[in-house]
Amino acid sequence: MKKQRLLTLLPLLYAAYASSLLAMNLLATKQFDLWQFTVTTGILVSPIAFIIQDLATEVFGFRIAKRMILTGFVILIVASLVYQLAILIPPSNFWSNQAAFASILSTTLRISLASLTAYLVGSLVNAKIMDQLKRGYPDSLFFRAITSTIFGQLLDNLLFAFLAFWGVLPLSALISMVIGGTLFETIYEIVLYPLTRLLIRLSQNYLGDEIDAI
């Protein structure tokens, strides 16, 4: 059957990408100090999203990567609405964890909008730059992956920090968040590049001639 392998691989990538986004958002409620920077435990799963996004862009092109990013955006919105609904449902009399439940899943409207906007813009820019660079640097996956990450994550961190915390935190703290987040995520991308390259090659070999049908 034509495109059989494509129809097998894409749903798996979509599922893994959506799962990593949902986990990353939940884990983002806990912060810890890493050297001179404050980061969230979302970094435990963020590499999964980064790798899949790079893989989708490299193997399938920007059109498919864009569709995956937009799907993730819709899933995050739905999840946020379901979380708020779950918090509003009155708990049983014997259940005493409502406050803890709400503290994990609830967030302000401002932070939610900032997070969604930063994710959407940063991810699309990341994928677009990586796709555009392929025309000029087709044999330099490392350069394309790292350059797109720097610009995409810089924009992601910049939008989130200033949309969520402008007027709440001092400017120096916002700049530290932007630089620290971008620096750490870029280092993460560099460290995981061998895995990214391996998965891209395995996907290309698995799809074979079906890539031409995309």
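By the UniProt record's numbering, the letter at position 189 of the sequence shown is numbered 189, and the numbering carries on one by one without gaps.
We treat Cβ as the ideally placed atom computed from N, Cα and C, and that holds for glycine.
Closer than 7 angstroms by C-beta to ALA56: which residues in its own chain qualify, once you throw out the five before and the five after it? Chain order, please.
-> LEU13, ILE64, ALA65, MET68
Determine which residues share a DSSP beta bridge with PHE165 and list them.
-> Beta-bridge pairing links PHE165 to no other residue.
Excluding the 5 residues preceding and the 5 following PHE142 in the sequence, name in chain order all residues of the same chain whose CB lies nearer than 7 angstroms to its CB.
-> TYR193
Reducing DSSP to helix, strand and coil, say where ASP156 ends up.
-> helix
Of all the options ASN97, SER112, THR71, ASP156, which has the alpha carbon lying nearest to the alpha carbon of ALA16?
-> THR71
Using 8 angstroms as the Cβ pair cut-off and three pairs as the minimum, do the segment 35–54 and the segment 91–99 touch?
-> no
How many angstroms separate the CA atom of ASP209 from the CA atom of LYS3?
-> 9 angstroms
How long is the line joining the alpha carbons of residue 242 and ILE51, rounded to whole angstroms?
-> One cannot answer for residue 242 here, as it falls past the ends of the chain, which runs 1 to 214.
Please report how far the alpha carbon of GLN128 lies from the alpha carbon of TYR119, in whole angstroms.
-> Inspection of the sequence shows that residue 128 is occupied by Lys rather than by Gln. Cα-Cα distance, rounded: 14 angstroms.
Indicate the three-state DSSP secondary structure (helix, strand or coil) for PHE94 in the structure shown.
-> coil
LEU159 versus PHE184 - alpha carbon distance | 17 angstroms
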